[in-house]
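Chemist: Take this structure, written in C-alpha cells, and hold onto it; I'll ask about it next.
There are 2 protein chains.
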Amino acid sequence: MKTITMDLSCALAEAVGENGIHENDLRLTLGKISEYYTKLLARPFPFMTLPSTRFQFDEMYALADKASKTNIRNLVILGIGGSSLGTQTIFDALLHPLHNQEERFREGRPRYFILDNIDPHKMTAVVETIIPEIDRTFLVVISKSGETPETISQFMLFNELMKKSAGYRERIVLITDMEQGLLNKIAQKEGYPVLNLPPGVGGRFSVLTPVGLFPSAIMGINIKKMSDGAAGMAAHIVRYDAEENMAFALAAILYLMYKNGKPIHVIMPYCERLAAFADWFRQLEAESLGKKGLGPTPTKSVGVTDQHSQLQLYVEGPKDKCIVLLYSATSEVPIPDSFDYLEDVSYLANKDMKDLFHAEFQGTRLSLTESGTPNLSLTLDEVSDYNLGALFYLFEMVTTFMGHLLSVNPFDQPGVEQGKIYTKAIMGKKGFEKEREHTDKFLASPVRQVIF
Amino acid sequence: MKTITMDLSCALAEAVGENGIHENDLRLTLGKISEYYTKLLARPFPFMTLPSTRFQFDEMYALADKASKTNIRNLVILGIGGSSLGTQTIFDALLHPLHNQEERFREGRPRYFILDNIDPHKMTAVVETIIPEIDRTFLVVISKSGETPETISQFMLFNELMKKSAGYRERIVLITDMEQGLLNKIAQKEGYPVLNLPPGVGGRFSVLTPVGLFPSAIMGINIKKMSDGAAGMAAHIVRYDAEENMAFALAAILYLMYKNGKPIHVIMPYCERLAAFADWFRQLEAESLGKKGLGPTPTKSVGVTDQHSQLQLYVEGPKDKCIVLLYSATSEVPIPDSFDYLEDVSYLANKDMKDLFHAEFQGTRLSLTESGTPNLSLTLDEVSDYNLGALFYLFEMVTTFMGHLLSVNPFDQPGVEQGKIYTKAIMGKKGFEKEREHTDKFLASPVRQVIF
C-alpha cells in the first residue's frame with residue numbers, strides 16, 4: 091500500500107544549507123526514538139492501543155442506530171478543545187464542504203453545530219436556529235472531566251430547551267470519563283445514556299474514542315475504516331525502523347528543527363478538507379509540549395490561499411520556522427478557454443484546476459527551499475476515513491516522541507489550571523473566596539488605557 | 091466617544107517583569123513614531139486618505155443598487171489574499187453567523203461564496219451548488235494586478251457558467267487597478283463594469299476601497315459608517331500624541347515586543363465575529379514586515395476556545411510571544427438552573443453566558459500576566475460597521491509605523507514573486523522555458539521519501 095508519502099528532502103542541510111538537518115543529527119535522534127519506542131511497546135500509553143481495542147464500538151453503533159431512527163435534523167455537539175477538535179477535523183475532511191448549507195448534499199444526515207465556544211452572540215444565533223426544530227435535535231455533550239464550565243453551562247441551557255420536546259431522553263448522549271465527574275451524576279439523575287473515554291486517554295488524544303467517533307457514526311462515517319487506518323499506522327510504526335518509519339522520521343525532524351532555532355512549526359495543508367486537521371494538531375503539539383519553558387509554537391496556514399498572506403514572511407523573514415506541507419487533490423475541474431483572445435492566459439486554458447493547484451504546491455516548495463526555509467511534505471492519495479485515521483495516529487505518536495526528546499510529560503496541562511481557578515473565582519464559586527480577593531485586586535488595579 | 095479601549099498595563103515591565111516593556115523604551119519609541127508621523131502627514135501614503143476621499147462610493151452604490159434589483163440569490167466573489175480577506179472579515183463581523191445557512195437570517199440578501207482558494211474539491215462543491223441558480227448569481231472578480239492566476243482561472247470557469255444565463259452581463263463586476271492588467275482588457279471586450287483600487291493602494295491595504303466595500307454594499311452593510319469609523323480613527327491619530335494615541339502606543343508595543351525577543355504576535359479575539367479579523371491582520375503584518383530577514387510571525391487564536399488548545403503553551407512555554415486580545419460581547423444568554431441538585435454548578439446558574447465569557451477573558455489575562463507573558467487588550471463597545479472601520483485603519487497605521495521602525499518597506503512583497511514564476515513555469519507558460527528547465531530539475535531530483 092502507498093497511501094501517504096512523506097518527502098523530507100527539503101528539510102535536510104543538503105537542500106537548505108545551515109537551516110537544514112545534518113545526517114548525523116538525524117541518525118542520532120532516530121536512534122533515541124527507536125530506543126524509547128522499544129521500551130514504550132512493553133508499556134504502551136493507553137491511547138496507543140485504541141486501534142486494536144475498538145473501545146465501545148458496539149455501544150456507539152447501537153446508539154447511532156437509535157439516533158438515526160429518530161429522524162433527526164440537527165446534531166448539536168457541546169465540547170471544547172480535545173472534545174471538539176477531532177470531530178470538527180473529521181467532519182471537515184469527510185463530509186461535503188456545503189453539508190450544512192445544502193440539504194441535497196447531506197444524504198439524509200442532520201446538519202451539525204459544534205459549539206466549541208461560549209461567545210454569547212454565536213450561542214444566540216445557534217439557539218435561534220435550533221428552537222423551531224428542537225424536537226428533531228440530537229444533543230451530544232462531551233467533557234472528559236465532566237466539569238468543564240463552558241460545556242456544563244451550555245448543557246444547562248440546552249437541557250432546558252430539550253426538555254420542552256417529547257422523547258428528549260432518546261436524543262441526548264453524554265461522553266465522559268468512566269467514573270468521575272458531574273456528567274456521570276447528571277446522567278444518573280436524568281437517565282441519559284453515557285459513552286466513555288477509556289481510562290488514561292486524555293482529551294487531545296481522544297479522537298479515536300467515542301469523543302470523535304460517536305458524532306462521526308451519527309453522520310454515517312465509517313469509523314471502523316478510520317480505526318483501521320490508525321491500526322495500519324500502528325503496524326507501520328512497529329514494523330519499520332529509523333528513517334523508514336514515518337513517525338520516527340517526522341518526530342526527529344520536528345524536534346531537530348525546534349532545537350536548531352526553528353521553534354515555529356507551520357502546518358500548511360494544500361487541501362481545504364485538511365485545514366481543520368491543522369487546528370487539531372495545533373492543540374496536540376502546543377498543549378502536549380508547551381511546558382517547562384519549552385515547546386514549539388504550531389501555527390496554521392492553508393495553501394494556496396496563504397501564499398498570498400504568509401509566504402512572503404516564510405521566504406524573506408527570519409529563519410525561525412519549518413513548514414510542514416500536507417497535500418491532497420483528487421477532483422478534476424477543467425478550466426475552459428473562456429478568454430481565447432488573451433495570449434497571456436492561454437497557459438491556463440484547457441488545463442485542470444488540479445494541475446494549477448499542484449503547480450503552486452510545487453512552486454512554493456521550490457521557492458521555500460531555495461530561500462533556505464526547511465520544509466517537508468506529506469502527500470495523501472486521497473482524503474479518506476482510512477488515511478485520516480492513520481494521520482491522527484501518526485501525529486499522536488510523533489507528539490509522544492517529541493515529549494520524550496524534550497523531557498516533558500506530553501499528557502498533562504498544568505499551565506491552564508490557574509486560569510480556570512480565576513474564572514471560577516470571578517464567577518463567585520463557593521470555596522474560591524481567597525482567589526476572589528486576588529482577582530478583585532487585579533480587576534480593580536489601576537490600568538494604563540488608551541481610549542478611542 | 092469611547093468605543094474602543096486599549097489596556098496596555100499587562101505589556102509593561104511593571105506587570106510582567108523582564109518580559110515587559112520599560113517606560114524608557116516606550117517613551118523613546120513613541121517619540122520616533124511621532125516624528126515619523128509628522129513627516130508622513132505632509133506626504134501621506136495613498137491608503138491613508140481613503141476615509142476622506144470616499145473613493146468611487148457613488149459608482150459602488152449605483153452598481154449595488156442595480157444588483158439588488160436583479161433579485162440575486164448567490165454572490166460569488168473570486169479573489170485571494172488582499173482581495174478576499176477584507177470582505178471575509180466584514181461579513182463575519184457584521185452578517186448573521188448563520189447567514190448562509192438560514193434564509194430567514196439573510197433579510198433578502200444573497201448567500202455568499204468567497205473563493206479564496208483553488209482546491210478543486212471545494213471548487214466542485216461550490217459549482218455544484220451554484221449551477222442550478224446560475225441565473226440568480228452575481229459574480230465579483232477581484233485582482234489588483236488583474237493577473238492573479240488563481241483568480242483568472244476561476245474567472246475562466248465562472249465566465250463560461252455565467253454566459254449560459256440570460257442577462258449575465260448585468261451580474262458581473264470586476265475590481266482591479268485603474269489602468270493595467272488583464273481584467274481591464276476582459277472588461278473592455280466583454281462589456282463588464284469595472285470598479286477600481288485607487289493608484290498606490292496595495293491589496294492588503296485595500297479593504298476600505300471597492301475591494302472590501304462593494305461586496306459589503308451588496309449585502310446592505312453601511313459602508314459610509316465603516317468609512318466614518320476609519321475617518322474617526324484617522325482624526326484620533328492626528329489629534330493625540332505619545333501614549334494617548336492608540337496607533338502610536340500599539341505600534342510601539344508590538345515593535346518593542348519583537349525587538350525584545352517576542353517575535354510571535356498572537357492575535358486572540360474573544361469574539362467569534364472578529365476571528366476573521368485576526369486572519370486579515372495576519373496577512374497585513376506578515377506580508378508587510380516579513381522581509382530582509384526580519385518580521386514578527388502573527389498567529390491567530392480564538393478565546394475562549396483556544397484556552398483549551400494554546401493557553402498551556404502561552405503560560406508555560408518559551409517567553410517568545412506577546413498576546414493581543416480583542417474583546418467584545420453584547421448579547422445576553424441566561425444560564426438556567428437546570429441541574430439544581432448539583433451544588434457544584436450553582437455558581438453558573440442564573441448567571442449570563444456573557445458573564446462567564448468575560449470572567450474567562452479576565453481569568454486568562456491574569457493568568458498570562460502572572461506567568462510573565464506580556465499581553466494587551468482592545469475592548470470594543472460593540473462589533474459595528476463604525477468600530478470595524480476604525481480597527482482596520484488603526485492596524486494599517488500600526489503596520490506602517492512598524493515598517494518604519496524596522497526599516498522595511500511595508501508596501502512591497504518581493505518574496506512571493508519567485509514562487510509565482512515557478513508556478514507559471516510548471517504550467518508551461520510561454521517565455522518561462524528557462525525557469526521550466528529549473529523546475530523540471532527540482533521535480534526530477536532524487537528525493538528522500540518515507541512511505542505508508
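Those protein sequence lines, which keep their order, are chains A and X.
The working numbering applies: residue 91 is where the first sequence begins, and numbers increase by one.
The working numbering applies: residue 91 is where the second sequence begins, and numbers increase by one.
Using N, Cα and C, we set each Cβ at its ideal position, and we do this for glycine too.
(1) I want to verify the contact list: residues of chain A whose CB lies under 7 Å from the CB of Phe542(X), in sequence order.
(2) Please report whether the beta-carbon of Phe181(X) lies at a distance below 8 Å from any beta-carbon of chain A.
(3) Using a Cβ-Cβ distance cut-off of 8 Å, determine whether Ser399(X) contacts chain A.
(4) Once the 5 residues before and after Thr179(X) are set aside, which same chain residues still bring their CB inside 6 Å of it?
(5) How close, in whole Å, do the beta carbons of Pro200(X) and Leu165(X) come, if the pair is a contact with beta carbons under 8 Å?
(6) Measuring straight from C-alpha to C-alpha, what distance separates Ser158(X) and Met150(X)?
(7) Buried or exposed for Gln400(X), going by 16 or more other Cβ atoms inside 10 Å?
(8) By the 10 Å Cβ neighbour count, where 16 or more other Cβ atoms means buried, how is Met268(A) classified, buried or exposed?
(9) Measuring alpha carbon to alpha carbon, tell me which of Ser461(A), Asp502(A), Leu346(A), Asn335(A) ends up nearest Glu406(X).
(10) Should Gln178(X) be flagged as near chain A, meaning a C-beta pair shorter than 8 Å?
(11) How many Å lie between Ala480(A) and Val297(A) at the Cα?
(12) Relative to chain A, which residues along the segment 105-116 of chain X have a C-beta separation below 8 Å, given in chain order?
(13) So, do the segment 374-385 of chain X and the segment 308-322 of chain X have three or more beta carbon pairs nearer to each other than 8 Å?
(14) Output the residue ranges of the beta strand (DSSP E) runs that lie fully inside the segment 411-478 of chain A and measure 3 residues or longer, sorted by chain position.
(15) Closer than 7 Å by C-beta to Asp148(X): which residues in its own chain qualify, once you throw out the five before and the five after it? Chain order, please.
(16) The alpha helix (DSSP H) that contains Arg526(A), what's its start and end?
(17) Quick one: does Glu240(X) have its CB under 8 Å from some CB of chain A?
(18) CA-CA distance, Gly543(X) and Val216(A)?
(19) Along the segment 179-203 of chain A, what residues have a CB closer than 8 Å to any CB found in chain X?
(20) So if I threshold CB-CB distances at 8 Å, which residues from the segment 126-147 of chain A count as touching chain X?
(21) Given that Val263(A) touches chain X, what residues does it touch there, using C-beta distances under 8 Å?
(22) Compare the C-alpha of Gln508(X) against each of Pro141(A), His326(A), Phe429(A), Glu460(A) and name the closest.
(23) What's the gap between the Cα of Glu525(X) and the Cα of Leu446(A)?
(24) Using the beta-carbon count (16 or more within 10 Å), is Glu240(A) buried or exposed?
(25) Step through the CB atoms of chain X and report whether any lies within less than 8 Å of the CB of Ile354(A).
(26) Which partner residues does Gln402(X) have in the DSSP bridge list?
(27) Smallest Cα separation from Leu344(X): which of Thr219(X), Ile123(X), Thr95(X)?
(28) For Glu218(A), which option in Gly169(X), Pro136(X), Ser421(X), Lys275(X) has the closest C-alpha, if you only look at C-alpha atoms?
(29) Give the range of the beta strand (DSSP E) segment to which Gln539(A) is assigned.
(30) How many angstroms separate the CA atom of Pro500(X) from the CA atom of Met138(A)?
(31) Just to confirm, are Pro305(X) and His355(X) a CB contact at a threshold of 8 Å?
(32) For the beta strand (DSSP E) holding Phe195(X), just list the boundary residues, first then last.
(33) Please list, in chain order, all residues of the same chain as Gly290(A) whose beta carbon is under 6 Å from its beta carbon, the five residues on each side excluded.
(34) Residues in the segment 296-319 of chain A with C-beta within 9 Å of chain X's C-beta atoms, listed in sequence order?
(35) Taking the alpha-carbon positions, what's the Met492(X) to Ala341(X) distance?
(36) Among the candidates Asn477(X), Ala154(X), Gly107(X), Gly521(X), whose CA atom is the shortest distance from the CA of Gly322(X)?
Modeler: In short, the structure shows the following:
(1) By one-based count along the second sequence, residue 542(X) stands at place 452. What Phe542(X) touches in chain A: Thr93, Ile94, Met323, His326, Met336, Ala480.
(2) In the second sequence, counting from the first residue as 1, residue 181(X) sits at position 91. No, no contact with chain A.
(3) What you label residue 399(X) is simply residue 309 of the second sequence in a count that begins at 1. So yes, Ser399(X) belongs to the interface.
(4) In the second sequence, residue 179(X) corresponds to position 89, counting from 1. Answer for Thr179(X): Ala366, Phe367, Trp370, listed in chain order.
(5) As a working note, residue 200(X) is residue 110 in the second sequence. As a working note, residue 165(X) is residue 75 in the second sequence. Indeed they touch by this definition, with Cβ atoms about 4 Å apart.
(6) For this step, residue 158(X) is matched to residue 68 along the second sequence. For this step, residue 150(X) is matched to residue 60 along the second sequence. Roughly 12 Å between the two C-alpha positions.
(7) In the second sequence, counting from the first residue as 1, residue 400(X) sits at position 310. Gln400(X) comes out buried.
(8) Position 178 of the first sequence holds residue 268(A). Exposed, because fewer than 16 other Cβ atoms sit within 10 Å of the Cβ of Met268(A).
(9) Residue 406(X) sits at position 316 when you count from the first residue of the second sequence. Minimum Cα distance to Glu406(X) is reached at Asp502(A).
(10) The count along the second sequence starts at 1 and reaches residue 178(X) at position 88. No - not a single Cβ of chain A is within 8 Å of the one on Gln178(X).
(11) Position 390 of the first sequence holds residue 480(A). Position 207 of the first sequence holds residue 297(A). For Ala480(A) and Val297(A), the distance between alpha carbons rounds to 12 Å.
(12) none
(13) no
(14) 411-417, 465-470
(15) By one-based count along the second sequence, residue 148(X) stands at place 58. Taken in chain order, the list of residues that qualify is empty.
(16) As a working note, residue 526(A) is residue 436 in the first sequence. Unbroken alpha helix (DSSP H) run through Arg526(A): 523-534.
(17) Locating residue 240(X) in the second sequence gives position 150, where the first residue counts as 1. Chain A, which has a Cβ nearer than 8 Å to the Cβ of Glu240(X), makes this yes.
(18) A question about residue 543(X) goes unanswered here, because the residues of chain X that appear run from 91 up to 542.
(19) His186, Pro187, Leu188, Asn190, Gln191, Glu192, Phe195, Arg201
(20) none
(21) Sequence index remark: in the first sequence, residue 263(A) carries index 173 (1-based). Those do not exist, as Val263(A) stays about 17 Å from chain X at its closest Cβ, beyond 8 Å.
(22) What you label residue 508(X) is simply residue 418 of the second sequence in a count that begins at 1. Among Pro141(A), His326(A), Phe429(A), Glu460(A), the Cα nearest to that of Gln508(X) is on Glu460(A).
(23) For the purposes of this step, residue 525(X) is taken as residue 435 along the second sequence, with counting starting at 1. For the purposes of this step, residue 446(A) is taken as residue 356 along the first sequence, with counting starting at 1. Roughly 16 Å separates the two Cα atoms.
(24) Working through the first sequence from its first residue, we reach residue 240(A) at position 150. Counting Cβ neighbours within 10 Å, Glu240(A) comes out buried, since at least 16 surround it.
(25) In the first sequence, counting from the first residue as 1, residue 354(A) sits at position 264. Yes - at least one Cβ of chain X is within 8 Å of the one on Ile354(A).
(26) As a first step, residue 402(X) is located in the second sequence; it is residue number 312 there, counting from the start. Answer by DSSP bridge pairing: none, since Gln402(X) is not bridged.
(27) Here residue 344(X) is taken as the residue at index 254 of the second sequence, counted from 1. With distances taken between Cα atoms, Leu344(X) lies closest to Ile123(X).
(28) Position 128 of the first sequence holds residue 218(A). Taking only the C-alpha atoms, the option nearest Glu218(A) is Ser421(X).
(29) Translated into positions along the first sequence, residue 539(A) becomes position 449. 539-541 is the extent of the beta strand (DSSP E) around Gln539(A).
(30) To locate residue 500(X), count along the second sequence from 1; it is residue 410. To locate residue 138(A), count along the first sequence from 1; it is residue 48. If I take the Cα positions, the gap works out to 48 Å.
(31) Sequence index remark: in the second sequence, residue 305(X) carries index 215 (1-based). Sequence index remark: in the second sequence, residue 355(X) carries index 265 (1-based). Taking 8 Å as the Cβ cut-off, Pro305(X) and His355(X) do not qualify as a contacting pair.
(32) Translated into positions along the second sequence, residue 195(X) becomes position 105. From DSSP, Phe195(X) is part of no beta strand (DSSP E); its letter is neither H nor E.
(33) Taking the first sequence and counting its residues from 1, one reaches residue 290(A) at position 200. Cβ within range, chain order: Pro136.
(34) none
(35) As a working note, residue 492(X) is residue 402 in the second sequence. As a working note, residue 341(X) is residue 251 in the second sequence. Each residue's alpha carbon lies about 6 Å from the other.
(36) Working through the second sequence from its first residue, we reach residue 322(X) at position 232. For the residues Asn477(X), Ala154(X), Gly107(X), Gly521(X), the minimum Cα distance to Gly322(X) belongs to Asn477(X).
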